[in-house]
Amino acid sequence: MKKEKQENDVSEVLAQKKLANRQENKRLFVLFISLVLDLLSFTLILPLLPSLLDYYGEHDKGGLYKVIKDSVTGFREFVGAPDTHRWNSVLFGGVIGSLFSFLQFLASPIVGATSDVYGRKPVLLLSLAGVAGSYALWAVSHNFTLFVLARIIGGLSKGNVSLATAIVADILPQEKRGKGMALIGIAFSIGFVFGPLIGAGFSIWARHQDGAFYVVPALFALSLAVIDILFVFIFFEETLPVEKRAQSIANGWQEKAHLINPVSLFKFSSATNMSQKENQSMQRIGVIYFLYLFFYSGLEFTLTFLTHNRLHYDSMQQGKMFFFIGAVMTLVQGGYVRKIKSGTEVRTATMGMTLLIPAFIIMAFAYTASVMYTGLFLFAFASATVVPCLTTLISQFGRTDQKGVIMGVFRSLGALARALGPIITSTIYWSLGEKVCYIFDFKCEEIHLLSSIELRVTIVELRVIKVELRVTIVELRVTKVELRVTIVELRFKKVELRVKKVELRVKIVELRVTKVELRVTKVELRVMNVELRVTKVEVRVSKVELRVKKFELRVKKVEVRVKKVELRVKIVELRVTKVELRKNGETKLFKFSV
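Residue numbers for the sequence shown follow UniProt numbering, beginning at 1 and rising by one.
Spelled out as structure tokens, the structure:
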């Protein structure tokens, strides 16, 4: 009876474990599909951005476009750069890209903290609704001001990626999170493979039609966003139970100012009740993540303009370029990153950062497609490894009700880097040329790599003296929207998505903006001293031999703190002369020597 009871208990435990694994896989699958839909719609604009700026330059010479153009002209005259359309378009694009990322920087920690209180699903749906609204506005943006307003709404609503990382931390235990973060990376890769291709194809087709060329890709992005909202609403299950949620946003943050205070974000001040060692570890990871994305995003953003100006790539060729980058990222993340063992994330991230150095150099002097694609391969490999590894490392910190806050702060630092990187790199590109720009990124990446090995953060100071964003009245009216999806087939063996027929009819869309004011008085970023020293680590083992037929160890929680460890082993001998085995009162004796 006792034996049967034990067997039943084991069977019940195995059944519960199997059921839990199924629930984990189902939730991850839903999250994966949602991210793919979101990123497909998000990446549509990448190959279109140079053409969009050219379009608004021809059709909207007043208003906000004129204000930014006058500012660009003033800066060009100040630095003595040549007055050419080539350079002006690069800096113009840098301003738009930095604006979007800066708004993400403001929104991500707020979205994360809010999801810790109200749950992941309602905040995720709200974020997706804001993104859909930005695409609707983009579709009717007949002037540059409306286009910028659409980017503002999209940037403030783009908190679903930080939510996705918090959801993975909710679903998976620590030892499985690396695979979960790699799955997010695969979704990014698929989005960057097919999104730019779809956008480029639509732009070429639409140029032969009546009306502005951007309308069709904007409406397609809107349809994907609506499908994403419906998919999440129907299939996504809440991952943060009520009993594990924070009581209020204020309880999750020491002060409300921490939501948008850059200094507090770098210090992870919002993560309360953390040990000093844990907080210092998070700060180091955050600084490395910020510096990496600062240089990486600068290259990523100017890449479209580099190929457009030097190799004369049109939208379709740039779409193929992003397809290549995404394909390499998919293969690396699906095959290599998912198999990275826990504890090796630092080594893998360092290798990825190292590969960016030759990538920068190759692309700086690439005048043929073959040389450019060699640099792009290294660039894509680095993209696929660094961010998932750093995200896995940061997800190990904090309680369940702090994951949204920590991941929101982490993503916010990345968004700040993406806000500063494109504008600064585009300015260098614009005033000094592409070679100087990419060699500058190479030098900075080399310094950054060394700083990740020898790092002590004495002072990190970022001041935003005054930021004002005023939206007096915003009215968005959609009188009638019809969306018909006749047949949708989704097969996940290889990832096939077939949409036989999609119809989207928007009868009337009205958007009224009475007054929008965005004022940034002063932004200062100071890194006084960054230093980390690892003097010497030495482990010598002359000979170690250990054979274990079966060994099982289960540990719920282990905490080890070591300041300095020296291990020197010349000879290790293991001798076993007698083994006694007792079972049901019987004793068996084995004698041997090893």
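We put the beta carbon where it would ideally sit given N, CA and C, even for glycine.
Check	Outcome
7 Å CB neighbourhood of F30 in its chain, flanking five on each side removed	Before going on, a small fix: residue 30 reads as Val here, not Phe. Excluding sequence neighbours, V30 sits near F235 and F236.
Whole-Å CB distance - M329 paired with S162, under 8 Å assumed	No, M329 and S162 are not in contact; Cβ-Cβ is about 20 Å, not under 8 Å.
Euclidean distance between Cα positions of M316 and F220	17 Å
CA nearest to the CA of P122, picked from F233, S141 and P173	F233
Separation of S383 from V193, as counted between CA atoms	13 Å
The segment 416 to 426 contacting the segment 132 to 139, beta-carbon criterion three pairs below 8 Å	no
Status (buried if at least 16 other CB within 10 Å, exposed otherwise) for L291	buried
Buried versus exposed call for residue 666 [16 or more other C-beta atoms within 10 Å across all chains shown]	The displayed coordinates of the chain run from 1 to 594. Any statement about residue 666 would go beyond what the structure contains.
CA nearest to the CA of S157, picked from A415, L420, N25 and G421	A415
Burial state of T344, where buried means 16 or more other Cβ atoms lie within 10 Å	exposed
Cα-Cα separation between V287 and L40, rounded to whole angstroms	29 Å
Continuous alpha helix (DSSP H) stretch holding E243: start and end	Run containing E243: none; DSSP gives neither H nor E here.
N273 in three-state terms, based on DSSP	coil
Alpha-carbon to alpha-carbon, F377 and S370	11 Å
Cβ contact (3+ pairs, closer than 8 Å) linking the segment 345 to 358 and the segment 381 to 397	yes
Cβ-based neighbour list, L355, same chain, cut-off 7 Å, excluding 5 preceding and 5 following	L378, F381 and A382
Integer-rounded CB distance, given that R418 should sit under 8 Å from L293	6 Å
Residues of its chain near M372, where Cβ-Cβ distance is below 6 Å and the 5 sequence neighbours each way are ignored	A366
Pair within 8 Å by beta-carbon distance, L265 and S134	no
Helix, strand or coil at I340 [DSSP, three-state]	coil
Beta-carbon proximity list for D70, same chain, < 7 Å, skipping 5 on both sides	none
Beta-carbon gap between D170 and T239 smaller than 8 Å	yes
Alpha-carbon to alpha-carbon, I229 and G195	18 Å
Backbone CA spacing between F322 and L197 [nearest angstrom]	8 Å
Any non-hydrogen atom of the ligand GDP closer than 7 Å to I340 Cβ	Among the components of this structure there are no ligands whatsoever, and the ligand GDP is therefore not found.
G159 in three-state terms, based on DSSP	coil
Which listed residue (R245, G180 and L37) has its alpha carbon closest to that of E24	G180
Cα-Cα separation, S101 to F295	14 Å
Separation of S115 from V520, as counted between CA atoms	Unreliable placement is indicated for V520, whose pLDDT of 42 sits below 50; no coordinate value is reported for it.
Cutoff 8 Å; reference G191; Cβ partners in own chain excluding five residues on either side	L35, V36, D38, L39, L40, F42, T43 and G326
Residue from R22, N21 and S51 whose Cα sits closest to the Cα of A212	S51
Every unbroken alpha helix (DSSP H) inside the segment 105 to 164 [4 residues or more]	120 to 139 and 144 to 157
C-alpha gap between L103 and G298, whole angstroms	17 Å
Beta-carbon gap between T145 and G57 smaller than 8 Å	no
Alpha helix (DSSP H) runs contained entirely in the segment 355 to 418, provided each spans 4 or more residues	369 to 394
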